[in-house]
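Chains as they are written, first to last, in the working numbering: chain A, 6 to 113; chain B, 131 to 329.
From the three backbone atoms N, C-alpha and C, an ideal C-beta is built for every residue, glycine too.
Note sheet for the following structure.
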Amino acid sequence: MVRPYTPTGGQAAPSRHSLDLATLLIADRDRPLHGLSAHARRVMEHCLPGALSIADVSADLQLPGAVTKVLVASLVDSGHLISRNPVPAFQQYDREFLERVLDGLHKL
Amino acid sequence: MDSTNSDGQYLAPGVTTSVKLVVLGPFAVGKTTFVHSVSEIRPASTEEQMTRAGELVDDLNGLDGKDTTTVAMDFGRITLTDDIVLYLFGAPGQPRFASLIEGLMEGALGGVILVDTKRITESWDAMARMEEAGLAYVIAVNHFAGSPRYSESELRTALDLHPDTPLVICDVRRRESAKAPLIALVSHLLSRPRLEPAT
Numbered sequence: 006m007v008r009p010y011t012p013t014g015g016q017a018a019p020s021r022h023s024l025d026l027a028t029l030l031i032a033d034r035d036r037p038l039h040g041l042s043a044h045a046r047r048v049m050e051h052c053l054p055g056a057l058s059i060a061d062v063s064a065d066l067q068l069p070g071a072v073t074k075v076l077v078a079s080l081v082d083s084g085h086l087i088s089r090n091p092v093p094a095f096q097q098y099d100r101e102f103l104e105r106v107l108d109g110l111h112k113l
Numbered sequence: 131m132d133s134t135n136s137d138g139q140y141l142a143p144g145v146t147t148s149v150k151l152v153v154l155g156p157f158a159v160g161k162t163t164f165v166h167s168v169s170e171i172r173p174a175s176t177e178e179q180m181t182r183a184g185e186l187v188d189d190l191n192g193l194d195g196k197d198t199t200t201v202a203m204d205f206g207r208i209t210l211t212d213d214i215v216l217y218l219f220g221a222p223g224q225p226r227f228a229s230l231i232e233g234l235m236e237g238a239l240g241g242v243i244l245v246d247t248k249r250i251t252e253s254w255d256a257m258a259r260m261e262e263a264g265l266a267y268v269i270a271v272n273h274f275a276g277s278p279r280y281s282e283s284e285l286r287t288a289l290d291l292h293p294d295t296p297l298v299i300c301d302v303r304r305r306e307s308a309k310a311p312l313i314a315l316v317s318h319l320l321s322r323p324r325l326e327p328a329t
């Protein structure tokens with residue numbers, strides 16, 4: 006049991022506000038891990054093998070979603086992680102995109 | 131290392147786009163079961179913190195006088211194409227969770243609202259949340275063994291449902307059946323009149 010914001014060094018709000026639980030994360034393998042806090046390093050090590058969402062990282066590392074967002078935001082700022090937010094609302098009206106989603110659901 | 135899935139269940143290379151859906155409904159209506167039936171990953175949940183301002187009736191956890199409370203939110207994931215992954219987040223629809231759900235609904239494609247025919251009106255709150263957020267949704271009536279059966283028109287009347295809003299009767303324990311509301315939602319989104327983004 007850790008106090009919620011201990012992993013972030015007491016920082017309660019992420020440095021960027023656009024991060025979503027469904028934001029995808031891709032690690033930059035060339036960035037050195039030294040100098041990162043233990044929790045940031047843990048997030049990085051977890052993300053190195055492949056892409057995951059913030060929700061996946063939060064569940065896998067058993068960190069609250071809000072804490073994961075703070076850690077991820079710093080790692081995005083430092084270039085360790087590349088983030089891709091869920092498709093923006095306007096694109097959700099794109100017929101071709103929705104048809105691909107529908108097609109994917111039918112094939113499940 | 132971590133006790134659960136520290137091995138990670140990584141997305142396929144090439145998956146670069148995510149979309150999200152929210153699954154709302156009253157306590158114990160089958161949200162978790164629904165998410166797990168369609169998800170490609172093992173059951174997972176993330177802890178979300180919620181402020182408790184004005185939430186005097188919240189008796190969820192042993193409350194300890196702090197101004198935030200933690201809610202475990204189930205989620206699942208479906209890789210739909212070579213590049214698109216869908217995330218489903220299940221959350222309670224009651225008004226006291228409004229702040230949590232608000233953030234969750236932001237940027238979502240739409241929602242699925244689960245209904246138990248023994249307590250139909252308990253899904254009204256979830257419907258109100260979706261309507262306030264301007265999110266398209268479908269009603270998924272989850273039939274439990276022994277739950278009362280009503281016709282679609284009876285259910286629509288009881289829910290005071292907009293005629294265009296799809297209603298699907300399903301068994302959320304079965305993957306094939308649980309897929310139906312998702313398909314109905316995306317079909318519904320495709321049938322909407324085209325809206326142009328403001329420029």
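{"Asked": "Neighbour list for residue 152 (chain B) in chain A, Cβ cutoff strictly below 9 angstroms", "Found": "By Cβ distance, chain A contributes nothing, its closest Cβ being about 10 angstroms from residue 152 (chain B), past 9 angstroms."}
{"Asked": "The stretch 212-224 of chain B: positions lying closer than 8 angstroms to chain A by Cβ", "Found": "214, 215, 216, 217, 219"}
{"Asked": "Span separating the alpha-carbon of residue 2 (chain A) from that of residue 172 (chain B)", "Found": "It is not possible to answer for residue 2 (chain A), since the shown part of chain A is limited to 6 through 113."}
{"Asked": "Beta-carbon proximity of residue 58 (chain A) to residue 27 (chain A), cut-off 7 angstroms", "Found": "yes"}
{"Asked": "Whole-angstrom C-beta distance between residue 70 (chain A) and residue 42 (chain A), which should lie under 8 angstroms", "Found": "Incorrect: roughly 18 angstroms between the Cβ atoms, too far for contact."}
{"Asked": "Residue 178 (chain B) burial status per 10 Å Cβ neighbour count (16 or more: buried)", "Found": "buried"}
{"Asked": "Extent of the continuous beta strand (DSSP E) run through residue 150 (chain B)", "Found": "147-155"}
{"Asked": "First through last residue of the beta strand (DSSP E) which encompasses residue 75 (chain A)", "Found": "Segment 70-82 is the alpha helix (DSSP H) holding residue 75 (chain A); no beta strand (DSSP E) there."}
{"Asked": "Touch test, the stretch 143-162 of chain B against the stretch 44-52 of chain A, Cβ-Cβ under 8 angstroms, three pairs minimum", "Found": "no"}
{"Asked": "Beta strand (DSSP E) segment containing residue 240 (chain B), residue limits", "Found": "240-246"}
{"Asked": "Cβ of residue 244 (chain B) within 7 angstroms of any chain A Cβ", "Found": "no"}
{"Asked": "Simplified DSSP state of residue 225 (chain B), which is helix, strand or coil", "Found": "helix"}
{"Asked": "Any C-beta of chain B under 7 angstroms from that of residue 25 (chain A)", "Found": "yes"}
{"Asked": "Coarse secondary structure for residue 177 (chain B), derived from DSSP in three states", "Found": "strand"}
{"Asked": "Per DSSP, cross-strand counterpart(s) of residue 58 (chain A)", "Found": "A:29"}
{"Asked": "Per DSSP, cross-strand counterpart(s) of residue 268 (chain B)", "Found": "B:242"}
{"Asked": "Where residue 98 (chain B) sits in the DSSP three-state scheme", "Found": "Chain B is shown only over 131 to 329; residue 98 (chain B) falls outside these bounds and no answer can be derived."}
{"Asked": "Cβ pair residue 310 (chain B), residue 155 (chain B) closer than 7 angstroms", "Found": "no"}
{"Asked": "Residues that DSSP places opposite residue 300 (chain B) in a beta bridge", "Found": "B:272"}
{"Asked": "Contact set for residue 167 (chain B): own chain, Cβ-Cβ below 7 angstroms, skip 5 residues either direction", "Found": "302, 303, 304, 305, 308"}
{"Asked": "At least 3 beta-carbon pairs within less than 8 angstroms: the stretch 144-154 of chain B vs the stretch 210-223 of chain B", "Found": "yes"}
{"Asked": "Same chain, Cβ closer than 8 angstroms to residue 100 (chain A), five either side skipped, listed in chain order", "Found": "none"}
{"Asked": "Contact with chain A by residue 285 (chain B), beta-carbon distance below 7 angstroms", "Found": "no"}
{"Asked": "Boundaries of the beta strand (DSSP E) in which residue 87 (chain A) is found, first to last residue", "Found": "86-89"}
{"Asked": "CB contact check: residue 190 (chain B) to chain A, cutoff 7 angstroms", "Found": "In this prediction, residue 190 (chain B) has a pLDDT of 46, which is less than 50 and means its spatial position is unreliable; nothing more can be read from the coordinates."}
{"Asked": "Residue 288 (chain B) at chain A interface by Cβ criterion, 7 angstroms", "Found": "no"}
{"Asked": "Residue 282 (chain B), enclosing alpha helix (DSSP H) - first and last residue", "Found": "282-289"}
{"Asked": "Under 7 angstroms between C-beta atoms of residue 241 (chain B) and residue 267 (chain B)", "Found": "yes"}
{"Asked": "Sequence-distant residues of its chain with Cβ nearer than 6 angstroms to residue 176 (chain B) (five each side left out)", "Found": "203"}
{"Asked": "Chain A contacts from the stretch 261-274 of chain B (Cβ-Cβ distance under 9 angstroms)", "Found": "none"}
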